[in-house]
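Following: one structure in structure tokens, then a few remarks.
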Amino acid sequence: MTSQNTKQLVGEALRELVEVARHGAPRVRVGLLALGSELGPEEMVRGGALAQEASPDVTVVMIGPRVPGYDQLEWIETPPCEADVSQAMEDALDRGAVAGAVALHYPFPLGVATIGRVLTPARGKPMIVASSTGTTSVHRVESMIRNALYGVATAKALGMARPTVGILNVDGAQTVYRALESLRDKGYDLAFGSSVRKDGGAVLRGNDILAGAVDVCVTDTLTGNVLMKMFSAYSTGGSYEALGWGYGPSAGEGWQRVVSIISRASGAPVIANAVRYTADVARGGLPARVAQELDAARKAGLDALLEASRPKAVCADEVTCPPAEPTDEEIHGVDVLAVEDAVRELWKAGIYAESSMGCTGPVVKLNARHAEKGHEVLKKAGYC
């Protein structure tokens with residue numbers, strides 16, 4: 137080891153001792169990119185200054201061209217080029233100069249997504265949105281199952297011992313719910329939340345996300361991204377994101393970096409919250425938390441569930457519809473993407489059925505005298 141390296145290690149150790157004496161714990165160093173915002177570099181550094189003022193246990197390290205008047209912040213200066221700023225951030229993460237970073241863009245690999253956090257307006261409660269950018273799988277249902285695990289890991293990194301989970305009622309929600317229910321029943325410690333509506337349940341509607349009915353709302357990334365924008369900018373007309381914690385830190389299997397995303401329209405309050413969010417999950421060991429959740433879920437059969445969730449080749453066999461009869465009974469819990477296949481499954485069993493859309497989602501309609509057998513057929517085939 138060179139003399140310079142020794143001095144650097146001693147210096148870092150002394151700095152940590154001073155920080156522990158002052159704050160009770162070492163300060164978490166979070167990088168914040170200073171270039172790329174549609175609101176200008178001043179908005180970025182204002183957000184950094186707000187974060188550091190509000191959080192004595194956080195050191196904000198600005199990365200990019202220096203903005204005059206913000207000498208209270210540390211700087212890693214670069215030319216006014218986004219490629220140079222991004223490279224400086226990568227270097228800072230690689231050498232451990234920052235524990236995490238807040239960026240306006242990052243080329244996450246397939247399998248990694250960000251876990252957003254919003255302030256729900258009905259009751260002023262924070263809620264995690266899993267996920268908000270990136271993608272954890274090319275297959276929708278698998279992606280949402282993984283999003284649930286990564287959302288739970290993020291909540292635990294924030295200090296929640298047993299976060300409640302709900303699945304937004306989008307395509308694939310019922311299938312995801314059944315998969316998560318199976319994991320829970322086989323030993324994975326998962327706490328489902330409940331809708332605020334009279335009929336309850338862990339599949340959420342719009343009312344529930346406005347009220348923050350759960351700690352972790354599971355959805356697909358595109359829907360999550362829209363939700364983030366709506367929750368953060370509904371009071372400003374969309375050009376300035378004023379509320380929330382941004383699009384959140386990155387999570388994925390084997391992924392070791394804590395890189396959070398904000399929008400180019402994120403205002404200083406959101407930027408400050410994003411820095412705090414990043415610091416908290418970095419201190420809470422987010423990558424290790426993700427690994428722990430995956431390990432626990434695998435012991436409960438995760439891999440088999442993920443394999444079963446991937447699309448299979450469609451059988452082209454013709455199925456003849458049985459003679460029509462009155463449909464005065466409904467079977468609930470079939471996913472909207474599979475409802476037509478479920479109907480055909482009943483036809484194969486000689487049961488006349490129709491698909492329909494109820495107020496809580498898709499239903500399969502059939503005659504009441506076939507209800508028990510129909511439910512058995514669909515359950516055996518994995519539709520409900």
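Letter by letter, the sequence shown follows residues 137 to 520 in the working numbering. Note that beta-carbon positions come from the ideal geometry of N, C-alpha and C, so glycine has one too. These figures come from a predicted structure and were not determined experimentally.
Rounded to the nearest angstrom, the gap between the Cα atoms of A427 and A489 is 44 Å. Using a Cβ distance threshold of 8 Å, L304 and L340 count as a contacting pair. Counting along the chain, the unbroken beta strand (DSSP E) around R165 starts and ends at V164 to L169. Positions of the alpha helix (DSSP H) runs, each at least 4 residues long and wholly inside the stretch 340 to 408, are given as 342 to 347 and 357 to 369 in order along the chain. A Cβ-Cβ contact shorter than 8 Å links T357 with G270. CA-to-CA, the gap between A338 and V352 works out to about 11 Å.
Using a C-beta cut-off of 8 Å, the stretch 428 to 435 makes no contact with the stretch 241 to 257, since fewer than three inter-stretch Cβ pairs fall below that distance. Taking L379 as the centre and dropping the five residues before and after it, the same chain places the C-beta of L255 and S368 closer than 6 Å to its C-beta, in chain order. Residue pairing of I264 in beta bridges, as defined by DSSP: R253 and V352. In the DSSP annotation of this structure, A293 is not part of any beta strand (DSSP E); the continuous alpha helix (DSSP H) holding it starts and ends at R276 to A293. Just measuring C-alpha positions, the residue of E481, G518 and V277 sitting nearest L502 is E481. Assigned with DSSP and collapsed to three states, M180 falls in helix. Excluding the 5 residues flanking it on each side, V166 has same chain C-beta neighbours closer than 8 Å at A187, V194, T195, V196, V197, V234, A235, G236, A237, V238, V411, T414, A415 and A418, in chain order. Closest by C-alpha distance to G469, out of A408, P201, S279 and L514, is L514. With fewer than 16 other beta carbons inside 10 angstroms of its own, N343 counts as exposed. In the DSSP assignment, A489 forms a beta bridge with L502. A Cβ-Cβ contact shorter than 8 Å links L442 with E278. Secondary-structure assignment with DSSP links G302 through a beta bridge to C353.
Per DSSP, G510 is one residue of the alpha helix (DSSP H) stretching across A507 to K516. Assigned with DSSP and collapsed to three states, M198 falls in strand. Assignment of V411 by DSSP, reduced to helix, strand and coil, places it in the helix class. Per DSSP, the continuous beta strand (DSSP E) segment holding E465 begins and ends at E465 to I467. Ranked by Cα distance from A517, the options A478, M296 and R314 are led by A478.
With the rule of 3 Cβ pairs closer than 8 Å, the stretch 373 to 392 does not count as touching the stretch 213 to 228. Where V238 is concerned, the enclosing beta strand (DSSP E) starts and stops at G236 to A239.
Annotated three-state conformation of A233 is coil, per DSSP. The C-beta distance from G373 to A293 rounds to 33 Å, too long to meet the 8 Å contact threshold. For G337, DSSP records no beta bridge to any residue.
Counting other Cβ atoms within 10 Å of its Cβ, Y370 stays below 16 and is therefore classed as exposed. One thing to note: P201 has its Cβ within 8 Å of the Cβ of A170. Excluding residues up to 5 positions away in sequence, W381 lie with their Cβ nearer than 6 Å to the Cβ of N409 in the same chain.
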